[in-house]
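Counting from 1 along the sequence shown, just add 112 to a position and that's the residue number in the working numbering. Note that the Cβ used here is the ideal one computed from N, Cα and C, for glycine as well. Please read these numbers as outputs of a predicted model, since none were measured by experiment.
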Amino acid sequence: QVQVVESGGGLVQAGGSLRLSCAASGIILSLHSMGWYRQAPGKQRELVANFSSDGSTQYATSVKGRFTISRDNAKNMVYLQMNSLKPEDTAVYYCNTEFLGELFWGQGTQVTVSS
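Written as structure tokens, this is what we have:
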């Protein structure tokens, strides 16, 4: 069974940094597309950054130059390094991956950026 679990969220002041982690089981993340999404109160879930199945990356315009997605294939983990955080980055951040046409989501981790 495929499972993904996020961790690393918290409260940080504007301008600070956090690193989110996504641990996967039941799937080899390096062989599948994998993404970080976020959902702020009252807003739709949006893509933040992702790895395509070919390993290429893409970022939301709002986070380009501040966030970096990376992965450790040996640990089967994916990370989201978030720098220069802004209050508008406040959201629940979710990790997801796709396997045999089905999307798997984690439970989310809260990121709160204070001004």
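If you compare the alpha carbons of A172, K187, K176, Y205 with that of G138, the shortest gap goes to K187. Of the candidates V223, R183, A161, the residue whose Cα lies closest to the Cα of T173 is A161. Judged by DSSP secondary structure, R150 falls within the beta strand (DSSP E) whose first and last residues are 146-151.
Distance from the Cα of M146 is smallest, within the candidate group Q222, S227, G218, V223, for G218. By the Cβ neighbour-count rule, L197 is buried, with 16 or more other Cβ atoms within 10 Å of its own. In the DSSP assignment, V124 falls within the unbroken beta strand (DSSP E) covering 122-125.
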